[in-house]
Amino acid sequence: MGASAGLQVRLRQSVPFALDVAFEAPAGSITALFGPSGSGKTTVLRAIAGLHRMNDARVSCGAELWTDTATRTYQPPHRRPVGFVFQDYGLFPHLTVREQLALALGHRPADERPARIDALLQLASLQGLSDRHPAALSGGQQQRAALVRALARDPAVLLLDEPFAAVDWALRESLRRELVALQRSLSLTLVLVTHDFEDVAKLASHLVVLDRGTVVAAGSVEELTSRNAVPGISGWHEPAVALDARVLAHEADRQLSLIAAGGLRLEVPTVPAPVGAPVRVQLAARDVILASHRPEGLSLHNMLEARVIAVEPAAHAALRLVHLEVGGTRVLSLVTADAARKLSLAAGKPVLALIKAVAVEAFA
Amino acid sequence: MNRRRELLKRALFAGALLVAAWFVGPVAAGATDRPAADSNGPRVAAASDLQFALDEVLAQFRRDTGVAARVTYGSSGNFARQIEQGAPFELFLSADESFVFMVADRGLSRDRGELYAIGRIVLFVPHGSPLTPDPQLEDLARRLQSGEAGRLAIANPEHAPYGRAAEQALRALGLWQAAQPRLLYGENVAQAAQFASSGNADGGIVAYSLALAPALRERGTFALLPEVLHAPLRQRMVLLKGASPDARRLYDYLRSPASRAILARYGFVLPED
Amino acid sequence: MDWTALGLSLRLGVVTVALLLPIAFVLARWLAFRRVRGRGFVEALVALPLILPPTVVGFYLLMAFGRGSPVGAAFESVLGHPLVFSFEGLVLASLLVNLPFAVQPMQNALAAIPASVRDAARCCGLSPAAAIRRIELPLALPGIATAAVLTFAHTLGEFGVVLMVGGSIPGETRTVAIAIYDRVQAFDEPAAATMALVLLILAVAALGITNTLARRASRQD
């Protein structure tokens, strides 16, 4: 069982289409490859797995060099400790779930396999379905089967290509939770290709943004979102920050939870996670109201002291995007230009950030 | 698991079928009276006019010597070409000398062979045909004139000696021009006879030996055409290079009185010794 | 009923299938999975025997492998007899003429395998050879079976090429199809009718099997 290691990727090609990508996926993190269709995300993922070869490439995982065209090093896919979950799952139509797992466990001694298969089935909640063929499974069951088959490889890196694209919204949320829980418990390094920013906001800690074959932004999700520095989404996705937070306390009688992201403390409707558990917080800029003084008689729970860092033009001419710092954590607020003038918003000005508890999206 | 087992069963079944198929020939042939074409029997290429006559000779030959020859019937010209291309025949019975000489000239035969029979042609007319056979083809001429004539089958003059003779006869009687649009060409004279007797043609000009055979005799009537109407059908046979001893025996047998008697019954004129 | 001819036809069918299937599989794989520029051209070549009259194929084969040709001469020196007018010559002709019947069903079956399934095979630790054996072959099996049945049936029925390249030598190149032709010319209609019926039954059986396989394949998806 390979301990998870970080991934270093550098890829360059001109045919069949241009690609010039370099990034790192830190060990034990979920790194999202984000971008519009045709940006080359899937190709990058396939190149990491060794399924796609190009003239100029270097892929290493921890200390192991998987691909290096400079030294003509190339590990074929079946020799890399990589698990791959395909967009359409890639389950073998003619094998039962059990047989698929057995096949993927080829690298383990035969006597170890049955126990391992049972463990994996339990992990994916597929115990009663192990003798079914993929056609007899529901979409969610197929996805879990594909996931657990990838895990059977004892991978150092788990690669997922738009894993939730084929699944309906309700199922998506629960599958996301399962994936995060899995990744945390196994400390896996995950690379996730997606064009859905929800996946980025809820799952990923690191982000690599691709557009037409090049990296246009890379860094931690929190940092990139809080600086509204994620290109490609500002046009059609509202500015929002995605923060890593923790549950500080639960107030059962008020049915509220207190969570903290750095120095930012928020009261939110009860979060179904124990105290100390990590929580992903999404806060849309449009849900942050600014005030010059403390209002009274409002239904608001969160009135936080903040300081303006910068005021930027927003996508709409009549709006302004205000960068704030609350307890050392960066937050965004979207207001009209008129309001910005009225409040004399400028760098350094102290304000109050008013955030509805309901508006805070907490993903645990 | 079930599906795989089922597929395996089917694959084994198919495999067993294939193995069985391999042995059908020899086994089935052994079970019936007709022997499998002996893989060692001499290979004979014979002009189609010998279709029935030679079958009888070979049956007799087999009874006398135990050797089962393997004969292929076809047009003499076709055989000459195939022999040139390396067809593994051992004995070639042509309906025409020129093809034997052609083969000999190419060095593919032992010698220049020998004359074994002289053939004749007939106008064969199936029962129910509006055509009446006569030696000078007068009824045919009349029908061609009036435009009533149906199809007339002959062998292909390009490579079948009997076809060439048929053309010569028609020309000699001044009927070639009129007959041409009505002609049906058989690949060899046996096929021409087949066309002629099938009812799709008024009749045909085919080999005398075929018309005398029981198969044709019961299907129609014929008229023997005078020899003067065409160049003689000098039928020549020759042993080819690499002919086996059994082929040589057959060659000799074909000159024997027994064999000549059979040929005579089929209307062949025998060359004087 | 010419049992020898029937045995010869069946033998020719078996040998053709046994030799052609592996060759066609390799070719079908290449056509199904690789996006090379020459692919369309190769596909057209493979399909050629479907539209060419068998006599054309026979003609070119005689030119290419006859006694005068280098290949023919080489073959003759090895085997002691010419390639043409021999069973081996028929096998060669049969391999070429049946190429589309063998390649196309397999190519379609292989191409129907989703790319992700093949990629997944590699990412599940299967070497390329193991992936072919455990994933591609089982999934393409209906197509392979169809190829086998079609090739066998078509070989039984082949006439033009066999006649031109093989002559009609009893026990060696006189297949059932040729034997029927031969018996008709000998005015032996009963024998011809019997053999024709046998071929008809085999053809119907072959079509029945391929239809069943095709239905099975579509159900599997």
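Protein chains in written order, with this note's numbering: chain P, 70 to 433; chain W, 2 to 274; chain E, 88 to 308.
Here a beta-carbon is modelled for each residue, glycine too, at the ideal position from N, C-alpha and C.
- Look at His-264 of chain P: its C-beta is not under 9 Å from any C-beta on chain E.
- Not a single C-beta of chain W is nearer than 9 Å to the C-beta of Phe-188 of chain E.
- Distance from Leu-97 of chain E to Ala-235 of chain E at the Cβ level is roughly 14 Å; contact not present, criterion being Cβ atoms closer than 8 Å.
- By the rule that beta-carbons nearer than 9 Å mark a contact, Gln-272 of chain E touches chain W.
- Each residue's CA atom was taken as its position, placing Val-171 of chain E and Val-101 of chain E some 20 Å apart.
- Taking the C-beta atoms as reference points, Phe-93 of chain W is found no nearer than 9 Å to Val-123 of chain W.
- Residue pairing by DSSP places Met-238 of chain W opposite W:Leu-94, W:Glu-115 in a beta bridge.
- Here Arg-71 of chain W carries a strand assignment [DSSP, helix/strand/coil].
- Measuring C-alpha to C-alpha distances from Ala-21 of chain W to each of E:Val-113, E:Leu-95, E:Leu-114 identifies E:Leu-95 as the nearest.
- For Arg-154 of chain E, no CB of chain P lies under 9 Å from its own CB, so it is not counted at the interface with that chain.
- Pairwise C-beta distances place the region 189-209 of chain W in contact with the region 154-162 of chain W, as three or more of them are shorter than 8 Å.
- Ile-222 of chain E belongs to the set of residues whose beta carbon lies under 9 Å from a beta carbon in chain P.
- Assigned with DSSP and collapsed to three states, Gln-169 of chain P falls in helix.
- Contact annotation for Pro-419 of chain P against chain E: no contact, minimum CB-CB distance about 54 Å [criterion: below 8 Å].
- Nearest CB-CB separation between Tyr-74 of chain W and chain E: below the 9 Å threshold.
- Contact between the region 90-104 of chain W and the region 245-255 of chain W is present: three or more C-beta pairs spanning the two stretches fall below 8 Å.
- In terms of CA proximity to Pro-85 of chain P, E:Val-123 leads the group E:Val-113, E:Val-123, E:Pro-157.
- Going by C-alpha positions, Leu-230 of chain W is about 12 Å away from Leu-176 of chain W.
- Contact residues of the region 88-101 of chain W toward chain E are Ala-88, Pro-89 (C-beta to C-beta distance below 7 Å).
- Scanning the region 121-174 of chain W for uninterrupted alpha helix (DSSP H) segments of 4 residues or longer gives 139-147, 162-173, listed from N- to C-terminal end.
- In terms of CA proximity to Leu-317 of chain P, P:Ala-342 leads the group P:Ala-342, P:Glu-307, P:Leu-388.
- Contact between His-275 of chain P and Ser-108 of chain P does not hold, since the beta-carbon distance rounds to 17 Å and is not under 8 Å.
- The shortest C-alpha to C-alpha distance from Tyr-186 of chain W to any of W:Ala-161, W:Leu-13, W:Leu-251, W:Val-270 is the one to W:Ala-161.
- Below the 9 Å Cβ cutoff, chain E contributes Gln-272, Ala-273, Phe-274 as neighbours of Gln-52 of chain W, in chain order.
- Looking from the CA of Ala-92 of chain E, the closest CA among E:Thr-281, E:Leu-294, E:Gln-191, E:Asn-298 belongs to E:Thr-281.
- At least 9 Å separates the beta-carbon of Leu-403 of chain P from that of Ala-360 of chain P.
- In the three-state reduction of the DSSP assignment, Gln-156 of chain P falls in the coil class.
- About 19 Å separates the beta carbons of Arg-121 of chain W and Leu-132 of chain W, which is beyond the 8 Å limit, so they are not a contact pair.
- Annotation: Pro-127 of chain W to Ala-197 of chain W spans about 7 Å, alpha carbon to alpha carbon.
- Close CB contacts of Arg-249 of chain W within its chain, under the 8 Å cut and outside five residues either way in sequence, are with Leu-240 (chain order).
- Judged by their CB atoms, Leu-182 of chain E and Thr-103 of chain E are nearer to each other than the 9 Å cut-off.
- Within the region 192-218 of chain E, Pro-201, Ser-203, Val-204, Asp-206, Ala-207, Arg-209, Cys-210, Cys-211, Gly-212, Leu-213, Ser-214 place their CB atoms closer than 7 Å to a CB of chain P, listed in sequence order.
- By the Cβ neighbour-count rule, Gly-127 of chain E is exposed, with fewer than 16 other Cβ atoms within 10 Å of its own.
- Distance check between Gly-114 of chain W and each of W:Arg-235, W:Asn-79, W:Pro-227 places W:Arg-235 closest, using alpha-carbon atoms only.
- Annotation: Gly-16 of chain W to Ala-214 of chain W spans about 45 Å, alpha carbon to alpha carbon.
- Contacts with chain W (Cβ-Cβ distance below 9 Å) from the region 161-187 of chain E involve Glu-163, His-168, Pro-169, Leu-170, Val-171, Phe-172, Ser-173, listed in chain order.
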